[in-house]
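Visitor:
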Amino acid sequence: MTEEFDQVKRIVVVGGGTAGWLVAARLAAHYELSSETLTLTLVESDQTGPIGVGEGTWPSMRTTLNKIGITETEFVRECGASFKQGSKFIGWSRGAEDYYYHPFSLPQDHAEENAWWSWQNLANNEPFADSVSPQPAVCDRDLAPKQISMPNYAYALNYGYHLDAGRFAGLLMRHAVERLGVCHIKDHLIGVESDSDGDIAAVIGKNYGRIEGDLFIDCSGFESLLIGKHFEIGKVDCSKYLFNDRALAVQVPYATELDSISSVTLGTAHDAGWTWDIGLQHRRGVGRVYSSSHQSDEQALEGLKSYLKREAPHVDFESSSPRKLSFESGYRSKFWHRNCVAIGLSAGFVEPLEASALVLVELSAQFLTDQLPAYRSGMDAVADRFNRQFTYRWTEIIRFLKLHYAISSRDDSAYWRQHKESDSIPESLRSDLARWNYQAPWHHDEGRIDDLFPSASYQYVLYGMGFQTRDPVLRSRSHARRLTQYRERQLRTQQAQARFCEHLPTNRELVRQLQSQSFSSVPHSAVERL
Ligand SMILES: Cc1cc2nc3c(=O)[nH]c(=O)nc-3n(C[C@H](O)[C@H](O)[C@H](O)COP(=O)(O)OP(=O)(O)OC[C@H]3O[C@@H](n4cnc5c(N)ncnc54)[C@H](O)[C@@H]3O)c2cc1C
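Sequential numbering from 697 applies to the sequence shown in my numbering.
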C-alpha cells in the first residue's frame, strides 16, 4: 500500500447522541480539518433519535467542555444544567432511612494520610464523609460548589453536572458543525460495504448512498450497527454481578420556580433496585432501575408511582407516561476491531449507579484524540492498546458498582440476598473485601495511577455503608503526634465547612445568576479559595 492510500484522512462517526457529538467535537477541536488533511463526518438517523437519558456527569466533563471550547456559562444556560457534587445513597445499608454521601472532593489531605485512621480514632460516630470533607454539609443545604465571580470551570469544591441530555446533544452538534467544521449528514443507514481486507469501506445511507471513510466510530447506541451487527463482536455478560436490566424514566416539573435544586444525584434503594432523582434547572429527571428477574414492569410502575407520591406530591402521575428502557448488562469483548471503534452505548452498558457511561465516552474521546493513528498500518497496535485499557476500565466499574450491593445489610428481598452470594461477587472484589476487614483502602490498593475510582471512593462507600475495618491495635511510635495532626486537620475541615456554608450561593441561586451574568474567562487554577 502506498503511503497516500495508507493514511487515515476520513473519519466517519455513526450516531448523533451524546457519544457521537462528544467524540466528534473533541476530535474536531484538536485537529485541523480540511479536505487535504482530515475530514470528519457525523451521520445520524432521521428516523430514530438519541436515547435522551444520561443526565449526570463526573467532574471530568468540565475538562472535556473546556477542551472542546464551550464556555461554562453557555453550557449551563443552553443545557438547563445544574451543579452536581456527588451522590447521596438512601436506604442502601439497612433499607430504612439510612443514607451516606459519595462526594466528588477527596478527603482533606488524602494524598498524605489515610482518612480512615483519624475518622476511626476521633470522629465519635460522625458519618465518614462528613468527618473528612466539608462537601456533605454543603450538599445538605443544596449549595453550589462555586460563586458567580469565579472563572469558568474553577471551583471551591469539586463538581460535575446534571444536564438535559437532549439539549446537550443539540449544543454539541451546533458547536461541532458551526464552529469546528464537522460535516453533518441526517440519513438512516441501511448497509455497510467492506473492502477486500474486511475493513469497512463505506456505510450506506438510505438517501445519501455511500459515505466512505478510513476510520469509523460506532456511536449508534444500543443498535450497535458496526461493532455488533456488522462485525458480530459479542458482549461480555455481567448480569451475574449486576442484575438490573430495566429502567422507567419520567420527567417531573418543580412545584414552584423557587424549589431548591439538589447538588447531588439522589439514589434511593428499593426492594429490587434503586431510583434516581436528578435536579436540573427547569425539571427533575426521575427513574426507577430494576431487575426484571425480581420485579415485574407493573410492580416497578407502582413503585415509581409511590416514590413520586412521596417525593413529588404535586405531580399528577396518571398523566405522565414513563419511558421504559431495557438493557443488557455487559460490554463488548473488543471495542476496536479492524478500522472500527465503538464508543458509548454501542460499546456496552451497565446500570447508571455511579453515572459512569459518559466518563467512558470522554476517556475514549481523549484516547482517540491523543493517539489517533495517522496510518491504517499503525492502527492495529493502537486498537490493541485501546482494547486492553477499556476492558480494564469496564471491570473496574463493575467491581465498584457491585460493592454498593455486596456489603449491604439488607435482606428484605431475594434481590438483596442474591447480591451477597459469593459467586455473584467478582473474585478481585471478594479478596479486597477480605483484606479491608483488616486494612482500610489506600493508594497502594489501586493498580494504576489513573484508575476511575480512587481509594477515597472505596472509603466513602465502605464506611458510608457501615463496613467495619478492625482497629490495627498496634501503635506506631508517632501515634500521639498523628493524633494531634488529625485534630488540626479535623478543625480545618470544620472551618472550611463553616466558610463554604456561609459564602456559597444555593444551586438555584447560582443558575439564576447565570441567566444574566457570566463566569469570568480569566485563566485560573481549578481550585479557587473562598
Ligand atoms: C436508564 C439510563 C440512565 C442513564 N443515566 C446515565 C447517567 O446518569 N450518566 C451517564 O453518564 N450515563 C447515563 N446513561 C448512559 C447515557 O445515556 C449514554 O451513555 C449516552 O446518552 C450516550 O448514548 P449514545 O450516544 O451512545 O447512544 P444514543 O443516544 O442512543 O445515540 C445513538 C445514535 O445512533 C443513531 N443511529 C441508530 N441507528 C442508526 C441508523 N441505522 N442510521 C443512522 N444513525 C443511527 C441514532 O439516530 C442516534 O443519533 C444512562 C443510560 C440509561 C439507559
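The C-beta atom is built at its ideal place from N, Cα and C for all residues, glycine as well.
Hey, out of L1049, S1124, Y1088, whose CA is closest to Y1101's CA?
Guide: Mapped onto the sequence shown, residue 1101 falls at position 405. The option with the nearest alpha carbon to Y1101 is L1049.
Visitor: Any idea which residues DSSP pairs F1082 with across the strands?
Guide: To locate residue 1082, count along the sequence shown from 1; it is residue 386. DSSP lists no partner for F1082.
Visitor: Would the beta-carbon of V749 fall within 9 angstroms of that of G924?
Guide: For the purposes of this step, residue 749 is taken as residue 53 along the sequence shown, with counting starting at 1. For the purposes of this step, residue 924 is taken as residue 228 along the sequence shown, with counting starting at 1. The answer is no: Cβ separation not under 9 angstroms.
Visitor: Is the number of C-beta pairs between the segment 856-863 and the segment 1180-1187 that are closer than 8 angstroms three or more?
Guide: Output reads no: the segment 1180-1187 does not touch the segment 856-863.
Visitor: Fully enclosed by the segment 818-852, which alpha helix (DSSP H) runs are 4 residues long or longer?
Guide: 824-828, 831-836
Visitor: Name the DSSP beta bridge partners of L911, please?
Guide: Stepping through the sequence shown from its first residue, residue 911 is reached at position 215. Answer by DSSP bridge pairing, in chain order: I707.
Visitor: Helix, strand or coil, according to DSSP, for H798 in the structure here?
Guide: Residue 798 sits at position 102 when you count from the first residue of the sequence shown. Of the three classes helix, strand and coil, the one that applies to H798 here is strand, per DSSP.
Visitor: What residues in its chain sit with their C-beta under 7 angstroms from that of E774, if we drop five residues either side in the sequence?
Guide: If you number the sequence shown from 1, residue 774 lands on position 78. Cβ within range, chain order: R863, L867.
Visitor: Hey, is H884 close to ligand 1, as in C-beta under 8 angstroms from one of its heavy atoms?
Guide: By 1-based counting over the sequence shown, the position of residue 884 is 188. Yes, ligand 1 has a heavy atom inside 8 angstroms of this Cβ.
Visitor: Inspect the beta-carbon positions of D883 and Y851 and report whether they are closer than 9 angstroms.
Guide: Residue numbering aside, residue 883 sits at position 187 when the sequence shown is read from its first letter. Residue numbering aside, residue 851 sits at position 155 when the sequence shown is read from its first letter. Going by C-beta atoms, D883 is not nearer than 9 angstroms to Y851.
Visitor: With distances taken Cα to Cα, identify the nearest neighbour of V710 among Y937, F1063, I1039.
Guide: Sequence index remark: in the sequence shown, residue 710 carries index 14 (1-based). Considering only alpha carbons, the answer is I1039.
Visitor: Rounded C-beta distance between L1041 and I747? I'm assuming under 8 angstroms.
Guide: The residue given as residue 1041 occupies position 345 in the sequence shown. The residue given as residue 747 occupies position 51 in the sequence shown. That pair is a contact at about 7 angstroms.
Visitor: In whole angstroms, give me the CA-to-CA distance for D838 and L922.
Guide: Along the sequence shown, read from residue 1 onward, the residue named residue 838 stands at position 142. Along the sequence shown, read from residue 1 onward, the residue named residue 922 stands at position 226. Rounded to the nearest angstrom, the two C-alpha atoms are 43 angstroms apart.
Visitor: With A777 and F771 assumed to form a contact (beta carbons below 8 angstroms), what rounded beta-carbon distance in angstroms separates them?
Guide: Here residue 777 is taken as the residue at index 81 of the sequence shown, counted from 1. Here residue 771 is taken as the residue at index 75 of the sequence shown, counted from 1. The Cβ separation is near 6 angstroms, so the contact holds.
Visitor: For the beta strand (DSSP E) that L1021 lies in, which residues bound it at each end?
Guide: The count along the sequence shown starts at 1 and reaches residue 1021 at position 325. Start and end: 1019-1022.
Visitor: DSSP three-state call for V878: helix, strand or coil?
Guide: By one-based count along the sequence shown, residue 878 stands at place 182. Taken through DSSP and simplified to helix, strand or coil, V878 comes out as coil.
Visitor: Flag P1150 as yes when its Cβ comes closer than 8 angstroms to any non-hydrogen atom of ligand 1, and as no otherwise.
Guide: Looking up residue 1150 in the sequence shown gives position 454. No - ligand 1 has no heavy atom lying nearer than 8 angstroms to the Cβ of P1150.
Visitor: Distance, Cα to Cα, H1175 vs E1047?
Guide: Here residue 1175 corresponds to residue number 479 of the sequence shown, with the count starting at 1. Here residue 1047 corresponds to residue number 351 of the sequence shown, with the count starting at 1. In this structure, the alpha-carbon of H1175 lies about 43 angstroms from that of E1047.
Visitor: Among the residues of its own chain, which have a CB less than 6 angstroms from the CB of S1052, if the five just before and after it don't count?
Guide: Counting from 1 along the sequence shown, the entry for residue 1052 is found at position 356. Cβ within range, chain order: I1093.
Visitor: List the endpoints of the continuous alpha helix (DSSP H) containing V873.
Guide: Within the sequence shown, the letter at position 177 stands for residue 873. Counting along the chain, V873 falls outside any alpha helix (DSSP H), and DSSP gives it neither H nor E.
Visitor: Taking contact to mean at least 3 C-beta pairs separated by less than 8 angstroms, is the segment 937-952 in contact with the segment 967-987?
Guide: yes
Visitor: Which runs of the beta strand (DSSP E), 3 residues or longer, sit entirely within the segment 880-959?
Guide: You should have 885-890, 896-901, 905-908, 911-914, 931-933, 942-948.
Visitor: Confirm, please, whether the CB-CB distance from R758 to E768 is below 9 angstroms.
Guide: Position 72 of the sequence shown, counted from the first residue, corresponds to residue 768. Position 62 of the sequence shown, counted from the first residue, corresponds to residue 758. Cβ distance < 9 angstroms, so E768 and R758 count as in contact.
Visitor: Considering only their Cβ atoms, is the gap separating R1028 from L1059 smaller than 9 angstroms?
Guide: Along the sequence shown, one-based indexing puts residue 1059 at 363. Along the sequence shown, one-based indexing puts residue 1028 at 332. Cβ atoms of L1059 and R1028: not closer than 9 angstroms.
Visitor: Can at least three beta-carbon pairs, one atom from the segment 946-955 and one from the segment 1064-1079, be found at a separation below 8 angstroms?
Guide: no
Visitor: For C1036 and D893, what's the separation of their Cα atoms in angstroms?
Guide: Along the sequence shown, one-based indexing puts residue 1036 at 340. Along the sequence shown, one-based indexing puts residue 893 at 197. Going from the Cα of C1036 to the Cα of D893 covers about 13 angstroms.
Visitor: Check for me: the beta strand (DSSP E) holding S783 runs from which residue to which?
Guide: Here residue 783 corresponds to residue number 87 of the sequence shown, with the count starting at 1. Start and end: 782-786.
Visitor: Do W970 and ligand 1 come close, with the Cβ less than 8 angstroms from some heavy atom?
Guide: Position 274 of the sequence shown, counted from the start, is the residue given in the question as residue 970. No, since every heavy atom of ligand 1 falls outside the 8 angstroms radius drawn around the Cβ of W970.
Visitor: Decide yes or no for the touch test of the segment 1209-1221 against the segment 834-848: beta carbon pairs closer than 8 angstroms, at least 3 of them.
Guide: yes
Visitor: What three-state label does DSSP hand R1006 in the structure shown?
Guide: One-based indexing of the sequence shown puts residue 1006 at position 310. Three-state result, R1006: helix.
Visitor: Quick one: what does DSSP say R979 is sitting in, helix, strand or coil?
Guide: Position 283 of the sequence shown, counted from the start, is the residue given in the question as residue 979. Coil.
Visitor: Measuring straight from C-alpha to C-alpha, what distance separates W1138 and P803?
Guide: Within the sequence shown, residue 1138 is the residue found at index 442, counting from 1. Within the sequence shown, residue 803 is the residue found at index 107, counting from 1. Looking at the two C-alpha atoms, the distance is approximately 12 angstroms.
Visitor: H966 by DSSP, collapsed to three states: which one?
Guide: Position 270 of the sequence shown, counted from the start, is the residue given in the question as residue 966. H966 falls in the strand class under three-state DSSP.
Visitor: Return the bridge partner residues of G856 from the DSSP annotation.
Guide: As a first step, residue 856 must be located in the sequence shown, where it is residue number 160. In DSSP, G856 forms a bridge with K780.
Visitor: Residues in the same chain with beta-carbon distance under 6 angstroms from Q1067, minus the five sequence neighbours each way, listed in chain order, please.
Guide: By 1-based counting over the sequence shown, the position of residue 1067 is 371. Excluding positions up to five away in sequence, the list reads V1078.
Visitor: Say the cut is 8 angstroms; is the CB of L1000 nearer than that to a heavy atom of ligand 1?
Guide: Position 304 of the sequence shown holds residue 1000. No, ligand 1 has no heavy atom inside 8 angstroms of this Cβ.
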